[in-house]
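Encoded as structure tokens, the structure appears first; notes follow it.
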Amino acid sequence: MSRTLQLTEQLIARPSVTPDDAGCQQLIAERLQAMDFDCETLASGPESFRVTNLWAQRIARPGAPLLVFAGHTDVVPTGPVAQWSQDPFTPTHRDGKLYGRGAADMKTSIAAFIVAVEEFVAAKPEAPLNLALLLTSDEEGPALDGTVKVCEALQARGVQLDYCIVGEPTSVQRTGDMIKNGRRGTMSGKLTVKGVQGHIAYPHLARNPIHLFAPALAELTETEWDKGNDYFPPTTWQVSNIHGGTGASNVIPGAIVVDFNFRFCTESSPESLQRRLAAVLEHHGLEYELVWTVGGLPFLTTPGRLVNAVRAAIREETGIETELSTTGGTSDGRFIARICPQVIELGPSNATIHKIDEHIPVADIEPLKNIYRRVLDKLAQ
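Position one of the sequence shown corresponds to residue 969 (our numbering), numbered consecutively onward.
Rendered as structure tokens:
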């Protein structure tokens, strides 16, 4: 058994459902301290939802670039355990695959980077590349007390990050076939459209907010918010929920509540999207209340030293010409990008993440570690 696989199994065996780290970070810190990393635990959040964050740093040469590996030790709930082929927190091998919650998202990535760092430090202890890890137990949860808090603390201290690799599962068919060099922003809205409640047989004495909102809804669904660009698809707007009515079939509701979300690219800003949506509502004469929540801003790392190093490492290890992508949901990269100019995401296949019987091909584990090691070598040149 390789050291990477062994560590992956040790991490999977710890039931670290958000926000419980279940000792994962302590296990990692012990290995990092053996390589002269300074390890700091930054706990955050209320006692009812206590989040564990680890910031570990090794300065080989003051003033040299700092590469940060970022990730999360928490996993999503298992779902019905009876539907799993085995206990979700007992690492199990079957048909060349490693099963367990967190196998793909993202304990394999963490193990691969730890072993890659161990190999790199042993071979090049004084290489001109400083290293750090940023791990949280609040990525799969609200993400209010995790990476964002560590980034705020680092910014306050004046810590300069140069490169960051987030170990999110980005691959599709084979490890390394896709990396994320950016992500779209996310912004949600809760819209309350007001009408006048009344008897359904006397509509002239009421104002039906569902009917009032329908023309605006049609316009919003047909709106082109932007055209996207070379790196991002166009911004999208989607309704997730509409709530209205009293439950009775003979009552016109007095209000409806509409939940919606923008996934937006760098061609639009939260402010511009908010103005344009409000203009549609005003145009249709609606009486409304609107509450906005910006979940994350878009970020983009254009091809440069980090992207080129990752591309070359993947090519040398696997023969694959990796695809750059900004698709998918959000990640903690959105927080790190505020304090780091070059952020990419690279990890194993995402085909089974969050699913029953989550797994990863065992044959993909060592190549991932080797890719990380090659990136370290290239950035240290």
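The beta-carbon is built from N, C-alpha and C at its ideal position, and this holds for glycine as well.
| query | result |
| --- | --- |
| Using DSSP with H/G/I as helix, E/B as strand and the rest coil, what is Thr1261? | strand |
| When the Cβ atoms of the region 1273-1286 are set against those of the region 1324-1343, are three or more pairs found closer than 8 Å? | yes |
| Of all the options Glu1285, Ala1348, Thr972, which has the alpha carbon lying nearest to the alpha carbon of Thr1143? | Glu1285 |
| Excluding five sequence neighbours on each side, which residues of the same chain lie with their C-beta closer than 7 Å to the C-beta of Arg1152? | Phe1200, Arg1231, Phe1232, Cys1233, Pro1266, Thr1294 |
| Leu1188 lies in the alpha helix (DSSP H); which residues open and close that run? | 1177-1190 |
| Identify whether Ser1139 lies in helix, strand or coil by the three-state DSSP scheme. | strand |
| Is the separation between the beta-carbon of Leu1129 and that of Ile1307 shorter than 7 Å? | yes |
| Report the three-state DSSP secondary structure of Phe1088 (helix, strand or coil). | helix |
| Who are the Cβ neighbours of Thr1259 in its own chain at under 6 Å, not counting the five residues just before and after it? | Note on identity: in this sequence residue 1259 is Val, with Thr being the wrong assignment. Once the five neighbours on either side are set aside, the close Cβ partners of Val1259 are Lys1158. |
| Scan the region 1061-1114 and note each continuous alpha helix (DSSP H) run of 4 residues or more that stays entirely inside, going in chain order. | 1076-1091 |
| Apply the 10 Å Cβ neighbour rule to Thr1041 and answer buried if 16 or more other Cβ atoms are within range, or exposed otherwise. | buried |
| Under the three-state reduction of DSSP, which class applies to Asp1332: helix, strand or coil? | helix |
| Please name the residue, chosen from Met1074, Ile1082, Ser984, Pro1056, that lies closest to Lys1337 on a Cα-to-Cα basis. | Ile1082 |
| Please list the terminal residues of the continuous beta strand (DSSP E) segment that includes Leu1245. | Careful: Leu1245 lies outside any beta strand (DSSP E), inside the alpha helix (DSSP H) at 1238-1251. |
| Using CA atoms only, rank isn't needed, just tell me which of Ala1247, Thr1160, His1172 is closest to Val1213. | Note on identity: in this sequence residue 1213 is Gly, with Val being the wrong assignment. Here the closest residue by C-alpha is Thr1160. |
| How should Gln1310 be labelled, buried or exposed, when 16 other C-beta atoms within 10 angstroms of its C-beta is the threshold for buried? | buried |
| Would Asp1073 and Pro987 qualify as a contact pair, given that the criterion is a beta-carbon distance under 7 Å? | no |
| Would you mind working out which of Glu1192, Ile1304, Gly1196, Asp1198 sits nearest Gln1206, comparing C-alpha positions? | Glu1192 |
| Which two residues bound the contiguous alpha helix (DSSP H) that contains Phe1303? | 1301-1304 |
| Just to confirm, are Ser1139 and Ser970 a CB contact at a threshold of 7 Å? | no |
| Would you verify that the beta carbon of Val1343 is, or is not, closer than 7 Å to some beta carbon of chain B? | Here there is only one protein chain, and chain B is not present. |
| With DSSP run on the structure shown, which of helix, strand or coil describes Gln974? | helix |
| With Ile996 as the anchor, note down where its beta strand (DSSP E) starts and where it stops. | It is not in any beta strand (DSSP E) - Ile996 instead sits in the alpha helix (DSSP H) that spans 992-1001. |
| Cα-Cα, which of Ala1011, Leu1254, Glu1235 is closest to Pro1177? | Leu1254 |
| Enumerate in chain order the residues of its own chain whose CB-to-CB distance from Leu1173 is below 6 Å, with the five nearest sequence positions on each side excluded. | Gly1166 |
| Hey, quick one: how far does the alpha helix (DSSP H) through Arg1231 stretch, first residue to last? | Run containing Arg1231: none in the alpha helix (DSSP H); it sits in the beta strand (DSSP E), 1223-1232. |
| Do Leu1097 and Ile1328 count as a contact pair if the criterion is CB distance below 7 Å? | no |
| Between Ile1333 and Thr1076, which are expected to be in contact by the criterion C-beta below 8 Å, what is the C-beta distance as a whole number of angstroms? | 6 Å |
| Along the chain, where does the beta strand (DSSP E) that runs through Leu1292 open and close? | 1291-1293 |
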